[in-house]
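Position in the sequence shown (from 1) plus 2 gives the number in our numbering.
Glycine is no exception: its CB is placed at the ideal position from the N, C-alpha and C atoms.
Here the structure is a predicted model, which is why all the values come from computation and not from measurement.
I have placed the structure first, in the form of structure tokens, so that the comments after it can refer back to it.
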Amino acid sequence: TDGPLALSVDVSGVNELRLVVTDAGDGLNYDHADWAGARVTCSGSGDTTPPPAPAGLTASATGVGITLGWGAAAAPDLAGYRLERAPTPQGPFLAVTPQLLTVTTFEDTFAPEGVTSHYRVVAVDTSGNASAAATGSAARPPAPAANSLTYAPVASQPYGVSEAQGRTVNGKVYTFGGFDSLKGCCTPTDRAYVYEPAANTWTPLPPMPDRGATHAGMTTDGVNIYYAGGYVANAAWTGQVFGTRAAWRFEIASRRYVRLPDLPVERAGGQLEYLNGKLHYFGGTNLARTQDVGDHYVLDLAAGAPSWTAAAPLPNPRHHMGSAVLGGRIYAVGGQHGHDGSLVTQASVHAYDPATNTWTARRDLPSARGHISSSTFVLGGRLVVAGGEQAHGQPIAAVNAYDPATDTWAALTPLPAARASGVAGPLGNGFVYVTGNSSRSGWRAVPVLP
């Protein structure tokens, strides 16, 4: 690894400074992780005058979170807004997103249910000066917990796909990569799509960089989508490489991919979760697929960390599991040991507490299952697992919900058909499940309330 390279640039009158790293001639553009920690240091006295404060902050609960809005700050050098949330008016306040917001509305789908969340928003200018804060609060009521569901078909994705990654953000479903019907087994695709329920349509997104991905960990901070590790296509697009160190952020507003600091080692089949400004990658397999690993790495996005650090490893090392954040903890659900015909599915459930850096065993799944990496999500204060694989090539239709308050699992109405490795996520007070089993189709689930 080369040492740090200092660049001196005159930024007088410049509003944006962009570092572009190009290929050195070896045909590879995924080996630029040494630039991921690039930093800008400004010299000179500069501007020290803060911008005006945002004009008020409104907060109101909705079926999916808390909707926030504020008046724009009239500053010619405005960089954006920093939105923070706290459990009390006195704090502690934590940034809701690791990046500044450039809009004046936000849907906080991570707001905890059943309590009042307190917010403050400040305007930040291009010199880093912050305004006085506008404040507001709202209580998000607990969503109704229903075990009976009805299903209706949704528009089919353009191509059949299995083992894609996906997340729901602001009421839309985003899917990335996987193995699709345009390639023979097994070459990952770089195709990505967004499903808009209001129009019941799929729209292509820019292709994933560096030969696509499958078996990557994926998460969201409510604004952008992050993924790390996974299988990528080989250079000839005729097969796959069973691991990568690459980590990326997909910026939904600009629809562009931004490279993040690499994982410490090649990984695939692990999970990625966002909690309190940090990314957590845990579990998975090594590059040779000879070891189930429990390694746990953390990237502090809020602090602009240039590298990942080690945290408490996951008990019962495994991969192809599900995960979600609920009640300030990260849950690792199910998964498998081994691969293909020799795989053994797991029922283990563990909860990670970042305050103590410890994992705690919770009630096992009602039945062991894997291939649920993108079909595990939070709905109505419960952890929901939809579909999965109980043994190699044996998908299931089961849907189960875990209540952390009682440490119990409940059975929900099964999917209309058995599916594994699909993409599912909350939508209103129900959820949507798409693809899996190399299928194009999917369903929207709506609860049947008493």
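The stretch 302 to 315 makes no contact with the stretch 345 to 352: fewer than 3 CB pairs, one atom from each, lie closer than 8 Å.
If you check the CB distance, Tyr229 and Trp250 come in under 7 Å. Cβ-Cβ separation between Arg364 and Asp409: approximately 6 Å, consistent with a contact (criterion under 8 Å). Nearest to Thr222 by alpha-carbon distance, out of Leu289, Asn172, Cys188, is Asn172. In the DSSP annotation of this structure, the continuous segment of the beta strand (DSSP E) that includes Thr137 starts and ends at 136 to 142. With a beta-carbon spacing of about 17 Å, Leu417 and Tyr404 fall beyond the 8 Å limit used to define contacts.
Note that the stretch 375 to 388 does not touch the stretch 120 to 128; fewer than 3 beta-carbon pairs, one per stretch, sit closer than 8 Å. Secondary structure note for Phe108: its beta strand (DSSP E) is the uninterrupted segment 107 to 110. In the same chain as Gln338, and ignoring 5 residues on each side of it, the C-beta atoms closer than 7 Å to its own belong to Arg320, His321, His322, Leu345, Val346, Thr347, Gln348, Gly372, in chain order.
Looking at Gly389, Val105, His394, Ala313, the one whose alpha-carbon comes closest to that of Asn402 is Gly389.
In the three-state reduction of the DSSP assignment, Ser344 falls in the helix class.
By the CB criterion at 7 Å, Ala412 and Asn202 fall outside the cutoff. Closest option to Pro91, judged by alpha-carbon separation, among Pro52, Thr137, Ala74: Thr137. With contact defined as three or more Cβ pairs closer than 8 Å, the stretch 62 to 69 and the stretch 126 to 144 are in contact. Thr107 and Val225 have their C-alpha atoms roughly 11 Å apart. The DSSP assignment places complete beta strand (DSSP E) segments of no fewer than 3 residues inside the stretch 378 to 414 at 378 to 381, 384 to 388, 391 to 393, 401 to 405, 410 to 414, in order along the chain.
Beta-bridge analysis with DSSP links Lys174 to Val171. For the 7 Å CB-CB criterion, Gly231 and Gly186 do not form a contact. Counting along the chain, no beta strand (DSSP E) covers Gly186, and no H or E run does either. DSSP, reduced to helix, strand and coil, places Asp294 within a strand of the structure shown.
Using a 10 angstroms sphere on the CB of Ser256, the tally of other CB atoms stays under 16, which defines it as exposed. Across the set Phe244, Glu86, Gly438, the C-alpha of Glu86 shows the shortest separation from the C-alpha of Phe95. A straight line joining the alpha-carbon of Ala270 with that of Pro199 spans about 31 Å. The beta carbon of Tyr153 lies closer than 6 Å to those of Pro418, Trp445, Ala447 in the same chain, with the five residues before and after it left out. Comparing alpha-carbon positions, the option among Asp127, Thr240, Tyr299 lying closest to Pro53 turns out to be Asp127.
Bridge partners of Pro428 according to DSSP: Phe433. Here the alpha carbons of Asp212 and Ser350 stand approximately 34 Å from one another. Shortest Cα-Cα distance from Ala237 to any of Asp264, Thr191, Leu207, Met220 involves Thr191.
The three-state reading of DSSP puts Pro54 in coil, since its state is none of H, G, I, E or B. For a cut-off of 8 Å, the C-beta gap from Ala157 to Thr177 is around 13 Å, too long to register as a contact. Note on geometry: alpha-carbon atoms of Val450 and Arg261 lie some 43 Å from one another. A distance below 6 Å between beta-carbons, with the five flanking residues on each side excluded, links Ser441 to the following residues of its chain, in chain order: Gly162. Counted as a single uninterrupted DSSP element, the stretch harbouring His321 is not any beta strand (DSSP E), since DSSP gives it neither H nor E. Sequence-distant partners of Val243 (beyond 5 residues in either direction) whose C-beta falls short of 6 Å from its own C-beta, in its chain, are Val234, Asn236.
Counting along the chain, no beta strand (DSSP E) covers Tyr161, and no H or E run does either.
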